[in-house]
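The numbering of the sequence shown is our numbering, which starts it at 39 and goes up by one. Positions of the beta carbon are idealized from the N, C-alpha and C atoms, including for glycine. These figures come from a predicted structure and were not determined experimentally. Below is one structure, written out as structure tokens, with a few remarks after it.
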Amino acid sequence: MQICIVGTGYVGLVVGACLAETGNQVIGADVDSTKIYALKQSIIPIYEPGLDRLVERNQSAGRLTFTTDVAAAVAKSEVVFIAVGTPPDEDGSADLRHVLAVADVVGRSMARETVVITKSTVPVGTAAKVANAVAKHARFPFHVVSNPEFLKEGAAVDDFMKPDRVVLGAESDHARSVMAELYAPFVRTGKPIIFMDVASAEMTKYAANAMLATRISFMNDIANLCERVGANVDMVRRGIGTDDRIGPAFLFPGPGYGGSCFPKDVKALVKTARDCNAELSILESVEAVNERQKRRLFEKLHHALGDSLSGMRVAVWGLAFKPNTDDMREAPSRVLMEALWAAGARVRAYDPVAAEEAKRIYGERPDLELCSNVTEAVNGADALAIVTEWREFRSPDFDELKKAMREPAIFDGRNLYDPKLLRQHGIHYFAIGRGENSPA
Ligand code: NAD
């Protein structure tokens, strides 16, 4: 099939490369000329495991091309994916400006019967707005489909290639058959394509992310209670995660959820509910708990190191909102570093891939030093905070660590270590939700 993906960010680039891999002709179109210039030379502007090889292979095979000319790309295609950003507006609702701008271009530029797919996460009712925007100028029949994306950054290629399920909101036979053909190579193991109406597909994406965010905030609440009552949340997590009705995923307490999806999608769903006088009190609490949790590491540091953090040197391991990505959108590391700076502390940070992104966000500043390895970051530090659970942080040489630091104190936002072991090494250790170790 001849396909155009509008938006070559985390989602659009992965979707485009994967669809090219199964033999389609794919054009990735984006208004960001710097990004397109890089992509044309097979330089991937984001870190995503396996994506560079996939893009390069399909470019070399002539199945994947890139352009800034969105209209020309649409005109050549029978299927158009809209994969542009839907950032939160000031009131928390999803900002649909980019989506509707693309829909307008699609209407003006399409040159045949076209299936128009919203891949971006959009509130219920958006497909109708997209259809109206396309219809204004359309000279050919078109079909609007909602196809929410469930890939996870850090495992995006695998997730798209081997989805648990494909959710498709489609209202016409033509759209259903085109989409079934497009996704057939990805569901050969028998994973389902779930067809439904457009509104339900749009809601499914928000409900999925809201459920996952709820599990995280729930566990963070339980973790904080564990600290108060002297229980160990890791034991509790294992105790409940083995219950088939609960399952083990998304039960890890931590420094709060971040990233480009959970925070904005929870906010947008709460706003949708308010707009139609429905109550989503659980989700309002999920959000409030998360805001509080994001300050938890700082509070622990503050409590343990005393009132004046001014002049102290704090090592931070992990800047990305989770491992295997360089994405720092809404990352807990940002809340921690900004609180440390406000208190007058200096940060020596290390992340295996997100240093460039940190530089882009914060620029040069005297109280941030971006280090090139774990050891450099802890050198002379008064404390170490672990924010992202990168694999290389899991088994450090604790003796070396102790020698390198001015004060051997670890504030572990991911519960990576055995408290007993750290005690043996003479390191003060503060984790999340383990009553015996927490001073807060
Ligand atoms: P992103 O910011 O990485 O990429 C969006 C791209 O769209 C950018 O390259 C931007 O230049 C481009 N763009 C914006 N307006 C445009 C226009 N008018 N024409 C052409 N290109 C335009 O965003 P993302 O993380 O890929 O997310 C895209 C959508 O997918 C969002 O709605 C998001 O909620 C959803 N989503 C994201 C993830 C994720 O893990 N990142 C997962 C599932 C769903």
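Check: Could you give the distance in angstroms between the alpha-carbon of Val49 and the alpha-carbon of Ala239?
Finding: As a first step, residue 49 must be located in the sequence shown, where it is residue number 11. As a first step, residue 239 must be located in the sequence shown, where it is residue number 201. Approximately 17 Å between the Cα atoms of the pair.
Note to self: Using C-beta distances below 8 Å, list every residue in its chain close to Pro477, excluding the 5 sequence neighbours before and after it, in chain order.
What the structure shows: For this step, residue 477 is matched to residue 439 along the sequence shown. Annotation note: pLDDT 39 at Pro477 (below 50); position unreliable, coordinate value reported separately. Closer than 8 Å at the Cβ level, and outside the excluded window around Pro477, lie Lys338, His341, Ala342, Phe468.
Next item on the list: Can you check DSSP and say which residues form a bridge with Phe9?
Entry: Limits of the chain in this structure are 39 at one end and 478 at the other, which puts residue 9 out of reach.
Notebook entry, point to check: What are the uninterrupted segments assigned as beta strand (DSSP E) that are 3 or more residues long and contained completely in the region 208-253, given in chain order?
Noted result: 231-234
Next item on the list: Would you mind working out which of Arg91, Leu77, Glu325, Glu116 sits nearest Asn62, comparing C-alpha positions?
Entry: Working through the sequence shown from its first residue, we reach residue 62 at position 24. Nearest option by C-alpha distance: Glu116.
Notebook entry, point to check: Do Thr46 and Leu77 have their CB atoms nearer than 8 Å?
Noted result: By one-based count along the sequence shown, residue 46 stands at place 8. By one-based count along the sequence shown, residue 77 stands at place 39. In this structure, Leu77 lies closer than 8 Å to Thr46 by Cβ.
Notebook entry, point to check: Does the ligand NAD have even one heavy atom less than 7 Å from the beta-carbon of Gly47?
Noted result: Sequence index remark: in the sequence shown, residue 47 carries index 9 (1-based). Flag set: Cβ of Gly47 near the ligand NAD.
Check: Taking 7 Å as the cut-off, is the CB of Cys42 close to at least one heavy atom of the ligand NAD?
Finding: Numbered from 1 along the sequence shown, position 4 holds the residue referred to as residue 42. The answer is no for Cys42.
Next item on the list: Give, in chain order, every unbroken run of the alpha helix (DSSP H) that is at least 4 residues long and sits entirely within the region 151-189.
Entry: 164-173
Checklist line | Under the three-state DSSP convention, the category Trp379 falls into | finding: In the sequence shown, counting from the first residue as 1, residue 379 sits at position 341. Note: Trp379 maps to helix in three-state DSSP.
Notebook entry, point to check: With distances taken between CB atoms, is the gap from Phe233 to Arg214 smaller than 8 Å?
Noted result: For the purposes of this step, residue 233 is taken as the residue at position 195 of the sequence shown. For the purposes of this step, residue 214 is taken as the residue at position 176 of the sequence shown. In this structure, Arg214 lies closer than 8 Å to Phe233 by Cβ.
Item checked: His466 (DSSP reduced to helix, strand or coil) -> Along the sequence shown, one-based indexing puts residue 466 at 428. Three-state result, His466: strand.
Check: Can the beta-carbon of Ser131 be found closer than 8 Å to that of Lys243?
Finding: Walking along the sequence shown from the start, residue 131 turns up at place 93. Walking along the sequence shown from the start, residue 243 turns up at place 205. No, the pair does not count as a contact, with Cβ atoms beyond the cut-off.
Check: Unbroken alpha helix (DSSP H) runs of length 4 or more, entirely within the region 48-120: which are they?
Finding: 48-59, 71-78, 89-98, 108-113
Item checked: Beta-carbon proximity list for Val64, same chain, < 6 Å, skipping 5 on both sides -> Here residue 64 refers to the residue found at position 26 when the sequence shown is read from its first residue. Taken in chain order, the residues that qualify are Ile41, Gly54, Leu57, Ala58, Leu102.
Notebook entry, point to check: Between Pro83 and Ser98, what straight-line distance do the alpha-carbon atoms span, to the nearest angstrom?
Noted result: As a working note, residue 83 is residue 45 in the sequence shown. As a working note, residue 98 is residue 60 in the sequence shown. If I take the Cα positions, the gap works out to 18 Å.
Notebook entry, point to check: Looking at C-alpha atoms only, which residue of Arg461, Lys302, Val204 is the closest neighbour of Lys229?
Noted result: Here residue 229 is taken as the residue at index 191 of the sequence shown, counted from 1. Answer by Cα proximity: Val204.
Next item on the list: May I ask which residues mark the beginning and end of the beta strand (DSSP E) holding Arg351?
Entry: If you number the sequence shown from 1, residue 351 lands on position 313. 351-355 is the extent of the beta strand (DSSP E) around Arg351.
Next item on the list: Just list the alpha helix (DSSP H) runs in the region 376-417, keeping only unbroken ones of 4 residues or longer that don't cross its boundaries, in chain order.
Entry: 393-400, 412-416
Notebook entry, point to check: Residues bridged to Val205 by DSSP?
Noted result: Mapped onto the sequence shown, residue 205 falls at position 167. Bridge partners of Val205: Ile232.
Next item on the list: Note down the Cα distance separating Asn475 from Asp259, rounded to an integer number of angstroms.
Entry: Counting from 1 along the sequence shown, the entry for residue 475 is found at position 437. Counting from 1 along the sequence shown, the entry for residue 259 is found at position 221. Any answer about Asn475 is weak, because its pLDDT of 47 lies below 50 and its placement is not dependable; what the coordinates show is given next. The straight-line gap from Cα to Cα measures roughly 17 Å.
Notebook entry, point to check: Between Ser348 and Arg386, what straight-line distance do the alpha-carbon atoms span, to the nearest angstrom?
Noted result: Stepping through the sequence shown from its first residue, residue 348 is reached at position 310. Stepping through the sequence shown from its first residue, residue 386 is reached at position 348. For Ser348 and Arg386, the distance between alpha carbons rounds to 14 Å.
Checklist line | Selection from Trp355, Met217, Gly297, Lys440 that minimises the alpha carbon distance to Glu191 | finding: Numbered from 1 along the sequence shown, position 153 holds the residue referred to as residue 191. Comparing Cα positions, the closest option is Gly297.
Note to self: the ligand NAD and Glu325: does the residue's C-beta get closer than 7 Å to at least one heavy atom of that ligand?
What the structure shows: The sequence position of residue 325 within the sequence shown is 287, counting from 1. Answer for Glu325: no, Cβ out of range of the ligand NAD.
Item checked: Close Cβ partners of Pro361 (< 8 Å) along its chain, the five nearest in sequence each way excluded -> As a working note, residue 361 is residue 323 in the sequence shown. Closer than 8 Å at the Cβ level, and outside the excluded window around Pro361, lie Gly192, Thr426, Glu427, Trp428, Arg429.
Margin query: Checking 8 Å against the spacing of the C-beta atoms, do Val18 and Arg472 come in under that value?
Written below: Within the shown structure, residues of the chain are numbered from 39 to 478, placing residue 18 beyond reach of any answer.
Check: Any idea what DSSP makes of Ile284, helix, strand or coil?
Finding: The residue you call residue 284 lines up with position 246 of the sequence shown. Coil.
Notebook entry, point to check: What's the C-alpha gap between Arg481 and Glu209?
Noted result: Absent from the structure is residue 481, since the part of the chain shown begins at 39 and ends at 478.
Check: Where DSSP assigns a beta bridge to Phe449, which residues make up the other side?
Finding: Residue 449 sits at position 411 when you count from the first residue of the sequence shown. DSSP lists Ala423, Phe468 as partners of Phe449.
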